Structure formats: structure tokens, C-alpha cells
Amino acid sequence: MALIFDLAAQGLQVFLVIAVAPLLLGVSRKVKARLLRRIGPPVLQPYLDIWKLMHKEAVLAHNASWLYRVAPYLVFAAIWVAAALIPTYSTDLPFSWSADLIAIVALLGTARFALALAGMDVGTAFGGIGSSREMLIASLAEPAMLLVAFTVALLIGTTQLSTIATQFAGASVGLRVSLGLALFAFVFVAIAENARIPIDNPATHLELTMVHEAMVLEYSGRHLAMIEAAAALKLQLYFSLLVCLFVPFGMAINDKSPVALALGVAAWMAKILFLAVLLPIGETAVAKMRVFRYPIFLGGAFAAGALAVFLLFVSKGF
Amino acid sequence: MATFVGLWCVAQLLAVAALAVVIAGYRVATPIVYGVSFAACVVALGSALFQLLGASSAPTLVLPIGLPTLGAHFRLDALSAFFLVVANLGGAAASLYGLGYGRHEAAPRRVLPFFPAYLAGMNLVVLADDAFTFLVSWEFMSLTSWALVVAHHRVGGNARAGYIYLVMASFGTLSLLLAFGLLAGPQGAYAFDAMRAAHPGATTAAIVLGLTLLGAGSKAGLVPLHVWLPLAHPAAPSHVSALMSGVMTKIAVYGFIRIAFDLVGEPAWWTSLIVLALAAATTVLGVLYALMQHDLKRLLAYHTVENIGIIYIGLGLAMAFRADHMEWAAALALTAALFHVLNHSVFKSLLFFGAGAVLTATGERDMEHLGGLIHRMPRTAATFLIGCAAISALPPLNGFVSEWLTFQAILISPQLPQLGLKMMVPAVGALLALSAALAAACFVKAFGVTFLGRPRSRAAETAREADPISLAVMIAFAGICFVAGILPGFVIDALAPVVKALAGAQLPRQSAMSWLSIVPIAEGRSSYNGLIIFTFLLMSGTLTAMFIHRFATRATRRSAIWDCGYPDPSTATQYSSSSFAMPIRRVFGTTVFQVQEKVDMPAPGDNRPARFQVRVFDPAWRFAYGPLARFVAGTAGRLNVLQFLTIRRYLTLTFSALIVLLLVVAAWR
């Protein structure tokens, strides 16, 4: 009985993350449009877009290989699995121990690897430029991400996300300077990984500075639907990760009563919707930057992460 | 028993090498030599595996050859058994691959006799139990591999590669000779048993470690001793390249572990600081070098340097933990390093086999002339892709598991008492993360430019799939990458006796964990389950695809490339190897490698083509070897006058040398 309940809780998470992801994108776009004094598409538009793309005929280039057709599903699956393993509304999910923070970041790496290869499959300049820049951004973001993991592991002694959430939600850790720095680094990494302004512009298609959209330029139909859904899911994943690492309050912790779970879901939804509103506000305030300024941006994240670690070495009080 | 079987296989390999000298001219020689090598390697592999898993005692076997008073000692303990497994796994695969690949060999007389001898040399190094046997086998291994490197000595650059390799190999052996000399002490106790019993002082231990780092490190490819490696490894035939990169560098790692963890006792903690610094530099520089390459085999060789760095990070951590008596943490770090030894030997061999298949099919090693091979060589492409994903440390494959274990060991480092190590290890961790991401970029480039896109040359357009034997080997190795990735617990358990013997502790038994996940320290601290991740990936991917095909549409249409409305039929408009690496070259390369990019753009109306030139400098050549070589050449030039003296002057020279020596002796007394 307990096992069935556990599996049901995990199943709820699996379908919750996928159901909510396009909504976040819709909210973000709506808020951004309002900030630019446009009316903007309806909040549910991303669902309709994905549904429409799924039903369209897929157009493949003559020389597209099997890799090109498999990659969208692999990308989607990898991000979905990663998203399903992050504790969102409860720390008690039965499979959350099968991957820790490092493994989840690496799973996103698998998705990126597949997509970058797919970008090079047809042999166009756009696909290549996107793949090449995507890998550059990853190489700049990953050291900063590791330092965030290191900071958390220093405080809690683990990289297991459910344990981290439990410890942080309890009062034992409290507010710390190094956690603030780690949050700063994490936000920068999340912006870069999700191809948001100022690193990349998700709204353009033909700017030479673009990265993600250039990589998937050749895709159409159901394959594009998978990629769009994966992008939405990835944004949701980073929001959930931020919530889980830095503000796990309201989560159902070692409590399997339906009330606690319902409260957990509500708290999680409220937090990520708040982040979805915050994101476009930040985006409208800055401009897209040149490619060769990425190292400065992500170097800032790296420096913040390093500072967080070294502050903790100097004193556990920070 | 296992020692005896190992030696018997070595004898068989040497016998077939001798036979090959006679029959190499005939067509039957290729199947005979590779077939016998394969059989010998499989037998040795089986017995070593049995020894490792059975963990029975390992008596020393003394043969009456070698130094008259000493004899030759051989012993197969857990560490040797593990490395014997690695060596013979690679050896068996390379022999089998050679059965197919070797038929295209233009100069079999230069390859066939040396190949089994080289395998025998590597086996002997691992089996040796005294310094003399070890050094002789080491040098034998170096020389036979050198002969294989210069097998195609007329191809441009190969002769130079052979020369540099020979110089570096002699330097490495010299360092090891001195290290063993110090360990043997004034009595000349050359047997490893005697060295183990004699505990050298702290200073001696540090010097021995430094010399070992030079000697074994130069063979393994630690920066800045790596310069020969990317020249020599690609020069050899591809199955030998696989052995050199996949196996011989591991034999060098074996030499380091044998001395640093077994013979020298317990060195001071600060020695690990040096190892870690060198390892971190090796990791990042190795992958950056690899990214700048456009020769497929050279890219793979440079990338070996990176992986050696990862292995040495694990070893350095293990040394640090051991010096501070944190045995459980040392066990974790050592497990990570040994796991990566196995992993790298598998996927690097696989990738070299793939590169060999491409070379056979197209005659090209330069990626700028390849492309689109996924259509012409689908099976090779699929196995090469698995190798690329595994080496880029992507879950659920095996490369990720060993890097994950290394990260877990890094995350324990705050518990170390020394501030120097505390500060150093997070930086090493960040560099490791950087190198993992760069490795992914490097292999997106390697696979994307070689196998994807449109063919850039006639040869790539008409390539043919590799022969079935080579394919079978590649598929088997891709399978190992996969199985070791989703069931890593069994590999960790198999490593336990080795780790127990060297670190004094071992990880908890992994195959007993629930759901076969791996839990290196304790439940609730960190765990990873490749099996579940893989199952979930497979389930969610297929379910999504089935859902879309069933409830949405599966209609597909083929059409021309879109490319935003302006497709260009020329294949030169694709992203090439050097353009893919350009952003990374700009960001990381301008300071480290002093990259110079030169664009020669003709004026409007001028008909000559535009030219783009990139020059990448290896700082090791510029700052270490260049000045050294100039100094040696300059000194030799100045001493050259001594060659043309009169007899009178020669006699004066001899006489004054005698006087000086007598004075030295007098002052000494």
C-alpha cells in the first residue's frame, strides 16, 4: 500500500512538471508583453503551439540522418527525467535518490550534447554556429554550477537534493552570505543555460547573435514540438531547482498526509509562478550582449561561486 | 597459478613475435599473428579476472633469468591483476581488430613482429616484482612501441615523432631508474618485497615520488611531459594507437600507483598538492589542445592527456586522504581513479578503432575533408557516438560514473585538515567541471564534423562500411561502455580488493544496495543509479514517441535543406572543425596558446582566393622544450671545436682531466 502511494506521488510529480512547464512560458511571455505595452498572446498559447506543431507534418532535409530524428525525443526524455527527479512539492519521492545534483546537471548535459549534434546533422552554417556557441556557453557555465553544488555540499554535507531541501527548510542553516552568493551564481547560470536575455534571445530567429534558435532552425512539426516542450521543461526545471535549493519552505517534508502534499503543490506553484513573473521583468531591463562578452557574465557567476566557497572555509558563520 | 598463466601467455606472445619475423612476408602471417595474440590475451585476461575476483593469495615466482644474484621475480597481486585485466582487454580487442584492419597494412613486416612483442612487454611490466625486471620490461615496451610508431616512417612527421618519443622515453626510464635506485638503498635490495619492508625517510620518499612523477608521468602524458604523446600515438597504425592511448598510458599509471601507494610507504601530505596541481593543469590543457586539432587521431591522442589528468586527480586526492588517515575517503578517490582507468581504456580504444575504420574507408585523418559518414558507415558511426558520449561523461554511460565518483571525493575535501589542500581542491573541482564541459564540446566537434553534415571530399562521399571483425570489436566495446555505465556497482565491487590493499579501506559493498544504486559513502549523502536513469530515459523517450505517432501524426516529408531560405550547395559553407572551435579558441586560447588568426582577404575584383590561417602554439614547446633544445644544440656547437684538436692538445686535456679528478678525490677524503 505504502509503495503504491509512493509511486503515485512520484507519478504525480512526473506529470505535474510536464503539465505546468508551458504555463510558465505563457505567463512569462504575457508579462513581458504587458511590460512592453503590448497585449501579448494568451497565457495558454504555448500549450496550443505545442499541440499544433505536434499535428503538423515533419519536414526533413534529404540528408537528415536517424540522429536528427531521434535527438528531439532524447532531449525531451533527458530533461523530463531530470525534472521528475528534483523534489518539487515533497522530499519523500521514491526515486529522488537515484540522481543527485551533479547527476541532474549531467543529464542536462546529455540533452545538450544530443541537440548540439542534431544541429550539425544537416550541414548548414546556422546549425553549426548554434552548436558551437551552445557548447561554449556550457563550458563557461558548468564550473560555476559545480561551485554552487560545492557551497551547498559544504553547508549540508551532501549533494542529494531531498536531504538539502529538508535541511534548508529546517531552521538549522539560516541566512548566510555564502548562500546569497551561490544564489547569485545560480541565477546567472540558469539564465545562460535557458538561453534567456542577456545571453540569448528566445524571441528572435534571424539575429547573428542567436544560439539556441539557430541550432534548431531546421526542425519542424512534431520534432520542433518536442524541442519547444523540452525548452519549457528546462525553464521549469531551473525554477524548481532554485526553489528546492534556496527556498524549500512549504514543501511537504517527511509528511505524507494529503493536506501537506496539497499545501506543498500549492506552495511550489506559487513560487515558480512568482519566478515566471520575475524573469521578464529582469529581461526587459537589460540588453542582449555580444558573444565574446559571455565570459565576463559567466565569469561573474564563477567568481561569486568561488567567493561563496572560500568564505565558508574562512568561517562557517558566513 | 595466475602468475604462471600470465608468464606463459607472455612467452607465447614472444614466440609468435619471433615467428612473425620469419613469416611476415606471407599473406597468412596476419591472421596467424593476430589470432595467436588474441588467444594469448584472452587467456591472460581470464586468469587475471579470476585472480581479481577470487582474490586468492599471490606467491612470488622467481625465474633464473636476469641479474645472476637476483633472478627475475614475478607476482600477481590484486593491483597487478586489475591492470592485467585492463591491458589484456585492450590487447585482445586490438588483436581482433587487427585481423580485419591489418589486411590493409602496406608494410606488414614492420608491424607484425613488434605487435605481439609490445603486448608481451606491457604484460611483463605489470607482472614484474623486482626493479630490474620492471625496468627491463618497461624499456622493452617503450622500444617495441617506438618501432610501431615509426612503422610508416616515410609519412611526413612520423620520423620526427619517433625521435621525440625515443628521447622522452629514455628520459622517463632514467627517472624511474633513479627512483628505484633510491628505493633499493645502499644494499641494492631490488626486489619489491625488500623495498616495501624498508621505510624510506620523508625526504627520500618525496624525491622518489618526484622522480616517479617524471618517469611514469612522461609515459602517461602529464603536462608538460606530454609533448611526445600527440605526435607518436597517431603515427602508429590505428590498433596500435588504441593500445598506446588506451593501455600503455594505463601501464604508466600502474607504475605510479605501484611506487607511490605500495613501495614508498606513506609520503607527506604536501606531495599530493603537487600531484593535484599537475593533474588539474593536465586536464584542462589536454582538452583545450584537443579542441584545437583537426586531425581526428591527433585529437583523440590529445584527449588522452585530459583523461590522464582526471585519473591523476583521483590519485592525488587518494594520496591526500591517505596522508591524513581518512582511509574511507582515500578508498573512494582511488576507486574513482581506477574506474576511470578501466573506462578510459575502453572508450579510447573504441574511438581509435572508429578513427581507424574511417581512415581505412576514406584514407583521411583530417576532419576538414570528412563529413556525412553516418550515412555511409552507419554502424561505425553508432559505436563511435557511444564512445563520444561516454568520454564526455554523459549519463547513463560509464564515463560519467567515474567522474561522478571523483566529484564525490572532491566534495569530501573540506574535511581535510590542511588549509592548502582545502583551498586547492575546490579549484581542482571547478577545473574538472570545466574540462568535462570542454570535452563534450570537443566530441560534439569530432563526431559532428566527421560523421554528420555533408561530405567534404570525394573520399568521404564514397566511403564503405568497415569490415565485420572490426565492427564486432567496436560493438563489443560500446556494449562495455553501456553496461559499466548502468551497472557500475559490480565494477566497484570488483575493484574492492585492489582498493583495500592500497588504501586500507574499501567502499561499502555496492551490489547489495537496494535497486543496484551506487552509494559511495552513506545512504542519504549521495547516490546515483544508472539503471533507473537509463530505464526512465528509455521509457519516457519511447512513450513520448509512441504517443505522438499514435495520437498526433507521423507524417514526414523529405525536402531540400531550408537554412533560413538561403541554402548554399557548396559543402564549404558548413561549419568546419576550426570554425566550431573558434569561440572556445578566442575565449581560452588567446592567452594560453597565443593563438594567431590571420585573414588574407583579396581586394574587390581580385581573383585569388581568400585565406584564413590559424597558428596555435603549445606553451610547453615554446617555454620548456624550445629553450632546452636550443641550449643543448648551442652547447654541442660550442664543444664541436674539441673534435679538431691536435694530438698535443688532446693529451693536455686528458692530463688535466686526470689532475682535476685526483683533486676531487683528495678533497673528498
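Protein sequence lines, in the order shown, are assigned to chains A and B.
Residue 44 in the numbering used here sits at position 33 of the first sequence, with consecutive numbering throughout.
Residue 377 in the numbering used here sits at position 344 of the second sequence, with consecutive numbering throughout.
Here a beta-carbon is modelled for each residue, glycine too, at the ideal position from N, C-alpha and C.
Predicted, not measured: the structure shown is a model, and the values here were computed from it.
Segment contact flag, the segment 226-246 of chain A with the segment 81-97 of chain A, C-beta cutoff 8 Å, min 3 pairs: yes
Neighbourhood of residue 116 of chain B by C-beta, 6 Å cutoff - its chain only, sequence neighbours within 5 removed: 159, 287
Beta-carbon contacts of residue 543 of chain B that lie in its chain and below 6 Å, excluding the five residues immediately before and after: 522, 525, 526, 551
By Cβ distance below 6 Å, which residues in the same chain neighbour residue 431 of chain B in space, the five residues on each side in sequence not counted? 376, 423, 514, 517, 518
Would you decide whether residue 295 of chain A is buried or exposed? Buried here means 16 or more other CB atoms lie within 10 Å of its CB. exposed
Contacts of residue 113 of chain A in chain B (Cβ-Cβ under 7 Å): 437, 440
Buried or exposed for residue 580 of chain B, please, with buried defined as at least 16 other CB atoms from any protein chain shown within 10 angstroms of its CB. exposed
Strand pairing of residue 328 of chain B, partner residues [DSSP]: When DSSP reads this structure, residue 328 of chain B sits in a beta bridge with B:399.
Residues sharing a beta bridge with residue 646 of chain B, DSSP: B:631
So residue 134 of chain B packs on residue 266 of chain B, CB below 8 Å; how close in whole Å? Contact doesn't hold; Cβ gap of about 16 Å is too wide.
Residue nearest to residue 176 of chain A in terms of C-alpha spacing, selected from A:81, A:258, A:248: A:258
Contact set between the segment 234-253 of chain B and chain A, restricted to residues whose Cβ is under 9 Å from the partner: Those residues of the segment 234-253 of chain B that come within reach of chain A (Cβ to Cβ, closer than 9 Å) do not exist; the list is empty.
Any chance the segment 620-634 of chain B sits against the segment 259-279 of chain A, with 3 or more Cβ pairs inside 8 Å? no
Leaving out the 5 sequence neighbours to the left and right, which residues in its chain are closer than 8 Å to residue 193 of chain B when beta-carbon positions are compared? So the qualifying residues of the chain are 264.
Rounded C-alpha distance that separates residue 55 of chain A from residue 73 of chain A: 35 Å
Just verifying my parser: in three-state terms, what is the DSSP assignment at residue 100 of chain B? The answer is coil: DSSP assigns residue 100 of chain B none of H, G, I, E or B.
Sequence-distant residues of the same chain with beta carbon closer than 6 Å to residue 313 of chain B, five excluded per side: 461, 464
Proximal residues, the segment 534-563 of chain B versus chain A, C-beta separation under 7 Å: 550, 557, 558, 559, 560, 561, 562
Hey, does residue 635 of chain B have any beta-carbon neighbour from chain A nearer than 7 Å? no
Out of B:644, B:594, B:126, which one is the CA nearest neighbour of residue 380 of chain B? B:126
Am I right that residue 305 of chain A and residue 148 of chain A are in contact with their C-beta atoms under 8 Å? What's the rounded C-beta distance? Between residue 305 of chain A and residue 148 of chain A a beta carbon distance of about 6 Å is seen, short of the 8 Å cut, so the two are scored as contacting.
For residue 66 of chain A and chain B, any beta-carbon pair shorter than 7 Å? yes
Could you check where the alpha helix (DSSP H) with residue 408 of chain B kicks off and where it finishes? 406-409
Identify the contact partners of residue 17 of chain A in chain B, using a Cβ-Cβ distance below 9 Å as the criterion. Under the 9 Å cutoff, chain B gives no residues; its nearest Cβ is about 13 Å from residue 17 of chain A.
Which class does residue 316 of chain B belong to by DSSP, given the choice of helix, strand or coil? helix
DSSP three-state call for residue 592 of chain B: helix, strand or coil? strand
Helix, strand or coil at residue 107 of chain B [DSSP, three-state]: strand
Taking CB distances under 7 Å as the criterion, tell me whether residue 154 of chain A reaches chain B. yes
Any beta carbon from chain B within less than 7 Å of residue 261 of chain A's own beta carbon? Interface annotation, residue 261 of chain A: not in contact with chain B, CB-CB separation never under 7 Å.
Going by beta-carbon coordinates alone, are residue 64 of chain A and residue 236 of chain A separated by less than 7 Å? Result yes, Cβ atoms of residue 64 of chain A and residue 236 of chain A sit closer than 7 Å.
6 Å CB neighbourhood of residue 251 of chain A in its chain, flanking five on each side removed: 97, 99
Closer than 7 Å between beta carbons: that is the criterion. Which residues of the segment 470-485 of chain B meet it against chain A? 470, 471, 473, 474, 477, 480, 481, 485
Going by the DSSP bridge assignment, what does residue 101 of chain A pair with across the sheet? A:263
Using alpha carbons as the reference points, say which of A:134, A:141, A:32 lies closest to residue 331 of chain A. Limits of chain A in this structure are 12 at one end and 329 at the other, which puts residue 331 of chain A out of reach.
Entirely enclosed beta strand (DSSP E) segments - the segment 484-559 of chain B, minimum 3 residues: none
Output yes if chain B places a C-beta closer than 7 Å to the C-beta of residue 73 of chain A; else output no. So yes, residue 73 of chain A belongs to the interface.
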